[in-house]
Structures are given as structure tokens and as C-alpha cells.
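Participant: Below you'll find the structure I mean.
Residue numbers (my numbering): 3 to 182.
So this is what it looks like as C-alpha cells:
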């Protein structure tokens, strides 16, 4: 049977909802900068090491990603791959101020890490249960600061449910198509 167009084309303008979400959570979104030691030049690949290079003076590599504050006293959630093997982790706030963070926990299998900074009454995004379970097709909004360019907002939908991520003992992951 033919599905009536009214059933698949609801008359909702979600642009104001997306703006509201972005404005609400952006103060809690931070940039994470992770400093790592540069690879040693002790065993360079042919053609990559010049005799005038001193491996002791090579600068550290700095990589980055996004995170968000999850409590008013300074706990932050980010990706494990952002802070893995870091010798120093710095949190950069929306206003450009910075604070060194401590890595308090990581989970390689889910690619999550928890950081801690000093603070109180910080803006944060909490985890609250929803009375309605998430469904394939539900809207999602991703807010981040992936390249240090300021807040980035993108939207998408839950595109799959019950996903298995490589035999993990964790179950029922949601797949989304919104990426920062």
C-alpha cells in the first residue's frame, strides 16, 4: 500500500532546536591538546635523517581533539586516542584560556578517556537518562572543537542500533552519521 506523504514529511522546523542545543552546550566543549615525545631518531629510515639533525632537540608532537566538561568540578570526557601516550595534556577553553589536565582513566576498547582539571562551578554537560529509548532515525547533534577553530556543530541521525565494535564485551552501541 502507498504510504501517505503526511506520514513521512512532518512539518517541523528543527533549525531553532539545533541552535538552542549548540548555544547551550558550547560553553562546556573544550579543545584537548596532547603533547607526545617525537619518535627517536636512533633508527631512522634511510633518507629521513640528516647528519645536522640532533635527535635530542626534536620538538615534541602536539595533537588535538575535542572533549566536554561533564561535572562542575572539572571532569572531562574525551577520546582515548587523543590522550594516549601523552606526556602532557592541556585543556583549551572557548575563551582561549588553558589548564593542564590529569588523565584519570582510559578505555582503549571504547576509545574513551576521563581527564580532571581544577575548577568549580564550571559549565558542564550532564548524563541524564531519557524516558524514551534512542531510535534509529532520531536526530543527533555533535558539537566539538576538533582543530582549534572554535565550536563546530553538525547534525545527523542515529543510523543503526545494537552495533558490535569488534567483539567488545560492551554491547548495544548506537551508530550515528554526525561527525565533528
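Just so you know, even glycine gets a beta-carbon here, dropped at the ideal spot from N, CA and C.
Since the model is a prediction, treat every value here as computed from it, not as a measurement.
(1) Using a Cβ-Cβ cutoff of less than 6 Å, which residues in the same chain neighbour residue 177 once the five nearest sequence positions on both sides are dropped?
(2) Assuming residue 154 is part of the beta strand (DSSP E), what are its boundary residues?
(3) Near residue 67, which residues of its chain fall below 7 Å by C-beta distance, leaving aside the five closest residues on each side in sequence?
(4) Are the CB atoms of residue 144 and residue 157 nearer to each other than 9 Å?
(5) Can you give me the start and stop residues for the alpha helix (DSSP H) that residue 22 sits inside?
(6) My output table needs one value for residue 64: the three-state DSSP class, helix, strand or coil.
(7) Could you tell me if residue 89 is buried or exposed, where buried requires 16 or more neighbouring beta carbons within 10 angstroms of its beta carbon?
(8) Which residue's Cα is closest to the Cα of residue 139: 31, 87, 65 and 180?
(9) Please report the distance separating the alpha-carbon of residue 100 from that of residue 91.
(10) In terms of residue numbering, what span does the alpha helix (DSSP H) encompassing residue 143 cover?
(11) Go ahead and pull the three-state DSSP assignment for residue 31.
(12) I need the DSSP call for residue 91, collapsed to helix, strand or coil.
(13) So, with DSSP's three-state summary, where would you put residue 85?
Facilitator: Taking the structure as given:
(1) Position 175 of the chain shown, counted from the start, is the residue given in the question as residue 177. Its chain contains 161, 162 and 165 as the residues whose beta carbon lies nearer than 6 Å to that of residue 177, once the 5 sequence neighbours on both sides are disregarded; these appear in chain order.
(2) Position 152 of the chain shown, counted from the first residue, corresponds to residue 154. DSSP places residue 154 inside the beta strand (DSSP E), whose first and last residues are 154-165.
(3) As a working mapping, residue 67 is identified with position 65 in the chain shown. So the list reads 34, 80, 81, 84 and 148, once near-sequence residues are dropped.
(4) In the chain shown, the residue the question calls residue 144 occupies position 142. In the chain shown, the residue the question calls residue 157 occupies position 155. Their beta carbons are under 9 Å apart, which means residue 144 touches residue 157 by this criterion.
(5) As a working mapping, residue 22 is identified with position 20 in the chain shown. 17-27 is the span of the alpha helix (DSSP H), which, as asked, contains residue 22.
(6) Walking along the chain shown from the start, residue 64 turns up at place 62. Reduced to three states, the DSSP call for residue 64 is strand.
(7) Against the chain shown, residue 89 aligns to sequence position 87. Label assigned to residue 89: exposed.
(8) For the purposes of this step, residue 139 is taken as the residue at position 137 of the chain shown. Residue 139 has its Cα closest to that of 180, out of 31, 87, 65 and 180.
(9) The count along the chain shown starts at 1 and reaches residue 100 at position 98. The count along the chain shown starts at 1 and reaches residue 91 at position 89. Distance between the alpha carbons of residue 100 and residue 91 is about 10 Å.
(10) Along the chain shown, read from residue 1 onward, the residue named residue 143 stands at position 141. Taken as a continuous stretch (DSSP letters only), residue 143 belongs to no alpha helix (DSSP H), being part of the beta strand (DSSP E) at 141-146.
(11) Here the question's residue 31 lines up with position 29 in the chain shown. Strand at residue 31.
(12) The sequence position of residue 91 within the chain shown is 89, counting from 1. Looking at residue 91 - three-state DSSP - the assignment turns out to be strand.
(13) Walking along the chain shown from the start, residue 85 turns up at place 83. Note: residue 85 maps to helix in three-state DSSP.
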